[in-house]
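First to last, the sequence lines map onto chains A and B. Residue numbers for the first sequence follow our numbering, beginning at 1 and rising by one. Residue numbers for the second sequence follow our numbering, beginning at 1 and rising by one. Remarks on the structure that follows.
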Amino acid sequence: MSNLENENQGENRLPANEEALASAALETIQDTLDQFLATADVNAVFGETIKHQGNLILPAAEVISIMGFGIGSGSGGSDDNRGSGSGGGGGGKTFARPVAVIIANEGGVQVKPIVDFTKIYLTAFTTLAFITSAWLRMRRGR
Amino acid sequence: MSLQNESRPPLRWQGYEISPVSQAFRIEPSPQFGMIWNRPIGVWVQTPQGEQHYLPVFDVTRLVQILIVLGGMVLFLFLKMISRRRSK
Numbered sequence: 001m002s003n004l005e006n007e008n009q010g011e012n013r014l015p016a017n018e019e020a021l022a023s024a025a026l027e028t029i030q031d032t033l034d035q036f037l038a039t040a041d042v043n044a045v046f047g048e049t050i051k052h053q054g055n056l057i058l059p060a061a062e063v064i065s066i067m068g069f070g071i072g073s074g075s076g077g078s079d080d081n082r083g084s085g086s087g088g089g090g091g092g093k094t095f096a097r098p099v100a101v102i103i104a105n106e107g108g109v110q111v112k113p114i115v116d117f118t119k120i121y122l123t124a125f126t127t128l129a130f131i132t133s134a135w136l137r138m139r140r141g142r
Numbered sequence: 001m002s003l004q005n006e007s008r009p010p011l012r013w014q015g016y017e018i019s020p021v022s023q024a025f026r027i028e029p030s031p032q033f034g035m036i037w038n039r040p041i042g043v044w045v046q047t048p049q050g051e052q053h054y055l056p057v058f059d060v061t062r063l064v065q066i067l068i069v070l071g072g073m074v075l076f077l078f079l080k081m082i083s084r085r086r087s088k
């Protein structure tokens with residue numbers, strides 16, 4: 001490898017302390033993600049029990065969690081104007097929707113589903129709008 | 001990507017023993033990104049007489065949504081078929 005190539009590689013390399021920082025940040029991100037994935041257990045789905053008039057009520061929900069992170073670093077410039085930097089970012093979102101309620105009393109244990117009519121109406125209207133627009137487009141295309 | 005069933009320690013109420021079961025669907029395509037979909041799938045019930053049975057938990061909202069979308073697709077294909085026959 002020529003001297004010129006070695007010099008070019010050296011320009012793109014981060015200083016040792018920044019490399020260590022970037023590596024530490026990456027490790028923290030990885031740990032956070034691992035912890036996040038580990039928290040998704042049965043307790044996230046079934047809530048706290050409610051005791052009311054001889055009934056034991058156990059709510060059940062669907063929980064969707066999404067999380068992502070990114071990290072980047074770089075360096076460059078000429079001999080008299082050299083610089084380097086690193087940065088990162090991340091975000092996450094959790095969606096929860098009640099699905100059913102489990103009720104236990106003297107008569108036994110029952111699972112009562114929770115129906116979200118707003119979601120059903122929205123799905124029906126969207127589907128109907130899609131079919132109508134596709135149908136009209138098809139007729140015009142004849 | 002993994003699918004895992006988990007159950008909670010049983011709850012005791014008036015002689016009944018209730019063990020809720022959930023399912024976790026995990027996707028981790030890269031070390032920096034992850035998604036988990038947790039949903040309840042049922043409960044194991046043990047009666048005071050010692051009988052054990054399983055009660056499934058159905059997501060009625062999701063089932064109705066899927067039926068509406070599938071019904072819409074079938075209706076659209078049906079309309080398309082009729083339209084083609086008429087144009088011949």
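Virtual Cβ for every residue (Gly too), placed ideally from N, Cα, C. No experiment lies behind these values; they were computed from the predicted model shown.
Looking at A:140, A:26, A:83 and A:21, the one whose alpha-carbon comes closest to that of residue 70 of chain A is A:26.
With a threshold of 16 other beta carbon atoms within 10 Å, residue 47 of chain B falls short and is exposed. For residue 39 of chain B, same chain residues with a beta-carbon under 6 Å away, outside a window of 5 residues either side, are 23 in chain order. From the beta-carbon of residue 50 of chain B, no residue of chain A is found nearer than 9 Å; the closest lies around 14 Å away. Put simply, the backbone Cα of residue 60 of chain B is about 7 Å away from that of residue 114 of chain A. Listed in chain order, the positions of the stretch 32-46 of chain B with a beta carbon within less than 7 Å of a beta carbon of chain A are 32, 33, 34, 35, 36, 37, 38, 39, 40, 43 and 45. Think of a sphere of 8 Å around the beta carbon of residue 53 of chain A: no beta carbon from chain B falls inside it, the nearest being about 12 Å out. In the DSSP assignment, residue 81 of chain B falls within the alpha helix (DSSP H) that extends over 60-87. A direct Cα-Cα distance of roughly 28 Å separates residue 7 of chain B from residue 32 of chain B. Listed in chain order, the positions of the stretch 124-135 of chain A with a beta carbon within less than 8 Å of a beta carbon of chain B are 124, 127, 128, 130, 131, 134 and 135. For residue 30 of chain A, the neighbours in chain B by C-beta distance under 7 Å run, in chain order, 31. Exclusion of the five residues before and after residue 111 of chain A leaves 100 and 102 as the residues of its chain whose Cβ lies within less than 7 Å of its Cβ.
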